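As structure tokens, the structure follows; a few thoughts come after it.
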Ligand code: AMP
Ligand code: MG
């Protein structure tokens with residue numbers, strides 16, 4: 238549904254007069270009629286490329302569904318609308334411009350002189366129209382039938398897109414009849430479709446799921462999936478993800494943070510490349526012992542001293558400076574006394590070395606930090622700031638790393654709407670999982686692809702999963718894996734994708750219905766984690782299951798580091814082993830850190846994960862042990878940042 242439209246009049250004259258011309262007014266009237274529920278914004282700007290770009294970016298960032306511009310598409314030197322539009326769009330939609338041109342050419346050869354562009358930036362469709370009223374009127378008529386549909390596709394409003402497709406299919410059976418187009422809410426005459434046009438914009442939407450949801454009363458009342466212990470689930474994930482055949486890529490070192498090194502790099506220069514002073518002081522010859530020295534020269538960091546030092550001489554040096562040949566030690570300035578200087582005090586002539594120096598004292602010999610040929614990064618290292626710094630210091634600008642699997646994120650649920658939508662619809666909630674998981678994966682070094690939001694309908698889920706699998710290797714879905722009649726992920730994966738479910742229920746809290754499946758899709762193995770929709774379940778399962786799987790792909794140690802902690806308070810145990818979110822307070826005495834649980838641990842309450850440093854591994858309750866007393870030591874997975882907290 239189109240909720241926000243911007244009309245931008247681009248004209249120096251209109252800008253000067255601060256008034257929209259007839260073309261702008263025509264677009265405004267059109268938008269009001271076509272999208273009666275949309276918020277419509279208008280703005281008048283001059284033919285300045287930077288201003289046009291800025292306005293387009295601003296409106297796209299303000300979640301406009303559609304931006305229509307008028308003006309600035311011609312050949313005059315001030316006409317820069319197409320250039321500005323091209324600079325901001327992520328994808329061009331050339332067929333729109335072609336359609337506009339073809340239609341206009343029927344009316345006038347002048348249409349050849351319009352350079353209008355159409356394209357998308359994020360989820361906003363931008364279309365340039367020429368400045369003349371006649372041209373705008375003709376062009377609007379051309380694009381009108383596809384606008385709503387294009388925007389539904391952009392916004393992943395799959396069910397609305399489907400309705401259009403369904404009506405098109407129906408129309409194919411009964412060509413040339415009047416069809417009520419539910420998306421545009423108007424009656425249109427549709428042309429018969431050929432087979433090739435039938436397969437147009439979204440071929441995946443032609444899918445028919447084989448999952449039958451009609452007999453809701455017959456759905457199982459107990460999960461048919463065995464409840465696996467976590468240790469077994471981990472073994473399954475580890476074994477399966479090891480089959481991932483990764484490739485390698487060479488990237489700039491500054492893009493390497495968190496990436497896994499695929500080829501070792503060895504130092505091609507020693508560090509330091511010259512004997513360097515560790516202190517501010519005097520480079521000396523140690524066999525001269527203590528006593529007065531002639532100050533021969535001063536060497537600051539970066540200087541290249543030429544003349545060798547002779548017995549009885551010293552050279553003033555800074556930290557990091559190269560020692561003159563012959564010097565074999567540095568005496569710090571604190572261990573010296575000035576004996577004589579030039580009359581203007583600008584030159585030190587003699588100093589006394591108060592303490593007899595040892596050979597090699599306070600100098601770093603060649604290769605002290607990094608010997609020539611030593612290994613700077615090893616295969617399997619996860620690059621961090623220090624290693625990347627070492628590579629920079631050693632003259633490497635690039636590093637070869639393992640390519641991570643492409644990870645897709647898909648949210649499912651009829652109650653969900655996009656987080657950026659202005660108004661919350663009745664009985665709806667905003668999807669927080671996709672954003673949270675994207676950030677959580679990023680915290681652990683993985684980028685992900687947004688695969689949108691799908692409703693709980695078999696064919697819609699099937700279409701959304703197929704579209705997602707086309708874009709990723711590892712798909713992480715949330716929602717729809719429990720026991721409700723709308724929990725259709727598992728049957729869709731099995732029936733429509735022939736997926737093998739390696740587990741569908743785990744003895745863990747939160748996250749019991751977590752599902753891990755693989756399937757062959759378009760000739761490739763795909764790995765699918767279908768996690769429960771509750772935000773905390775999604776958070777915990779992503780850490781414990783998905784991050785583990787991703788690390789395994791890179792042949793890294795898969796599990797998070799485990800530490801012993803003491804409970805700050807008594808904890809009641811759940812029958813299932815529980816991953817409880819906590820922060821740590823470190824004892825000064827060397828005792829184990831204390832774990833403080835982050836408030837109410839209910840699985841819908843994402844606040845219980847905010848700032849969490851660890852997931853406590855609380856054991857399941859047994860008749861002999863239903864609670865743990867404050868002070869009991871338990872293990873914890875280091876999944877988050879360790880920040881200092883006030884005692
Ligand atoms: P489900 O796993 O689909 O049964 O959903 C369990 C709970 O999580 C329900 O209260 C949903 O509304 C909620 N939920 C599901 N998906 C999301 C999501 N993407 N963002 C926020 N809450 C969600
Ligand atoms: Mg649901």
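Residue numbers (this note's numbering): 238 to 884.
The beta carbon of each residue, even a glycine, is placed where N, CA and C say it ideally should be.
As the structure is a prediction and not an experimental result, all values here were calculated from the model.
Let me confirm a value: residue i is counted as buried when at least 16 other C-beta atoms fall within 10 Å, else exposed. Which label applies?
i, result
"residue 880", "exposed"
"residue 394", "buried"
"residue 476", "exposed"
"residue 765", "buried"
"residue 455", "exposed"
"residue 251", "buried"
"residue 635", "exposed"
"residue 602", "exposed"
"residue 695", "buried"
"residue 433", "Because the pLDDT at residue 433 is just 30, under 50, the model does not fix this residue reliably, and the value given afterwards should be weighed accordingly. The residue in question, residue 433, is exposed, as its Cβ has fewer than 16 Cβ neighbours within 10 Å."
"residue 335", "exposed"
"residue 375", "buried"
"residue 473", "exposed"
"residue 267", "buried"
If you follow the alpha helix (DSSP H) that residue i is in, where does it begin and where does it stop?
i, result
"residue 799", "It is not in any alpha helix (DSSP H) - residue 799 instead sits in the beta strand (DSSP E) that spans 799-804."
"residue 731", "First-last for residue 731: undefined, no H or E at that position."
"residue 687", "From DSSP, residue 687 is part of no alpha helix (DSSP H) but of the beta strand (DSSP E) over 686-691."
"residue 262", "259-271"
"residue 318", "318-325"
"residue 344", "331-344"
"residue 376", "370-391"
"residue 679", "670-680"
Between the options, which lies nearest to residue i when the distance is taken from Cα to Cα?
i, options, result
"residue 389", "301, 354, 618 and 325", "301"
"residue 811", "770, 863 and 832", "863"
"residue 536", "556, 510 and 291", "556"
"residue 565", "579, 573, 577 and 545", "545"
"residue 486", "640, 707 and 817", "640"
"residue 356", "341, 347, 375 and 320", "320"
"residue 507", "606, 482 and 818", "606"
"residue 514", "526, 490 and 539", "539"
"residue 576", "591, 490 and 568", "591"
"residue 354", "529, 338, 478 and 360", "338"
"residue 852", "875, 526 and 667", "875"
Under 7 Å Cβ to Cβ from residue i, same chain only, skipping five residues before and after it: list those, please.
i, result
"residue 239", "272, 275, 302, 303, 385 and 388"
"residue 422", "Residue placement at residue 422 is flagged as unreliable, the pLDDT there being 33, under the threshold of 50; the coordinate-derived value follows with that caveat. No residues qualify anywhere along the chain."
"residue 638", "485, 486, 488, 493, 496, 497, 498 and 499"
"residue 333", "355, 364 and 380"
Assuming residue i is part of the beta strand (DSSP E), what are its boundary residues?
i, result
"residue 568", "566-569"
"residue 635", "635-639"
"residue 648", "644-649"
"residue 739", "737-740"
"residue 577", "573-578"
"residue 553", "550-554"
"residue 714", "711-715"
"residue 530", "528-536"
"residue 817", "815-822"
"residue 200", "Because the chain is modelled from 238 through 884, residue 200 falls outside the range shown and cannot be assessed."
Who are the Cβ neighbours of residue i in its own chain at under 8 Å, not counting the five residues just before and after it?
i, result
"residue 531", "549, 550, 551, 586 and 587"
"residue 730", "702, 736, 738, 752, 754, 756, 765 and 767"
"residue 614", "498, 501, 502, 620, 624, 627, 628 and 636"
"residue 282", "245, 246, 247, 252, 288, 289 and 292"
"residue 830", "800, 802, 803, 821, 822, 823 and 824"
"residue 855", "808, 810, 811, 814, 815, 816, 817, 865 and 871"
"residue 616", "498, 499, 500 and 501"
Cutting at 6 Å between CB atoms, please list the residues of its own chain near residue i, excluding the five before and the five after it.
i, result
"residue 689", "393"
"residue 440", "Residue confidence for residue 440 is low, a pLDDT of 36 falling below 50, so the modelled location carries little weight and cannot support an answer."
"residue 719", "750"
"residue 259", "370"
"residue 243", "278, 296, 301 and 304"
"residue 866", "807"
"residue 351", "310 and 367"
"residue 443", "Note that residue 443 scores a pLDDT of 48, beneath 50, so its modelled location is shaky and nothing firm can be said."
"residue 187", "Nothing can be reported for residue 187: it is not among the residues displayed for the chain, which extend from 238 to 884."
Assuming residue i and residue j make a contact with CB atoms under 8 Å, what is their CB distance in whole Å?
i, j, result
"residue 248", "residue 308", "4 Å"
"residue 380", "residue 364", "6 Å"
"residue 505", "residue 632", "6 Å"
"residue 670", "residue 772", "6 Å"
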